[in-house]
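Beneath this line is the structure, given in structure tokens, with notes to follow.
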Amino acid sequence: MLKTKDLRDLSVEELKEKEEEFNKELFNLKIQKATGQLGNTAIIGKTKKDLARVKTVLRESALLSGTDG
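Per my numbering, numbering through the sequence shown is continuous, rising by one, with the last residue being 246.
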């Protein structure tokens, strides 16, 4: 699990990489769940929360820098 404080120390490029990484991981976990290969389904929720943290920090940095997006 990522801490928001740690995410705020990352650059925008690193945050976008993390976002892409979590999107791919979430997709793979959903596929595994659908095919019955996923044993621990709680990891999907944790991944969603980590992705939301990354998106929140990205949005905060965009608002602070004055750009929208």
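We treat Cβ as the ideally placed atom computed from N, Cα and C, and that holds for glycine.
Residue 206 to residue 221 span [Cα, whole Å]: 7 Å
message: I need the straight-line Cα distance from residue 204 to residue 238, nearest angstrom please.
response: 26 Å
field: residue 227 burial status per 10 Å Cβ neighbour count (16 or more: buried)
entry: buried
- request: Leaving out five residues on either side along the sequence, give the residues of the same chain with a beta carbon under 6 Å from the beta carbon of residue 196.
  value: 231
Exposure of residue 189, with buried meaning 16 or more beta-carbon neighbours within 10 Å: exposed
task: In the DSSP assignment, find the alpha helix (DSSP H) that holds residue 195 and state where it starts and stops.
output: 189-211
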